[in-house]
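Numbering (the numbering used here), first residue to last: 461 to 561.
Just so you know, even glycine gets a beta-carbon here, dropped at the ideal spot from N, CA and C.
Report on one structure; see the data block that follows.
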């Protein structure tokens, strides 16, 4: 577990609770999903269904890490999903949540 912490992308704390930004609309697609931020007018693509499952379940988990583990992401794949979530956080598609489920 400490090896994962050492590899953490900057700007994204996966130990915190996250959620979709209230101004973001998510549309599932066969390839993954489209995200549209009505505040910034940015469009993002989720490139697979696992990432879609993680993003949809963020509010059900106390951390992003718990969300990707619940989606079946193993330690070998975790860095890929951390990078994807970091991009979503940097573009404010997802934001931290103050409460925990």
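Going by CA-CA distance only, name the one from the options that's closest to residue i.
| i | options | result |
| --- | --- | --- |
| residue 486 | 523, 509, 538, 537 | 509 |
| residue 479 | 501, 515, 473 | 515 |
| residue 483 | 489, 474, 497 | 497 |
| residue 499 | 506, 481, 490 | 481 |
| residue 513 | 547, 526, 539 | 526 |
| residue 494 | 558, 553, 559, 557 | 553 |
| residue 556 | 531, 534, 522, 528 | 522 |
Looking only at DSSP bridge pairs, what is residue i linked to?
| i | result |
| --- | --- |
| residue 554 | 480 |
| residue 488 | 493 |
| residue 522 | DSSP, once it has assigned bridges, lists no residue as partnering residue 522. |
Starting from the C-beta of residue i, find all residues in its chain whose C-beta is less than 7 Å away, skip the five residues before and the five after it, and write them out in chain order.
| i | result |
| --- | --- |
| residue 511 | 492, 541, 544 |
For residue i, collect the residues of the same chain with a Cβ closer than 6 Å to its Cβ; drop the 5 residues on either side in sequence, then sort them by chain order.
| i | result |
| --- | --- |
| residue 503 | 496 |
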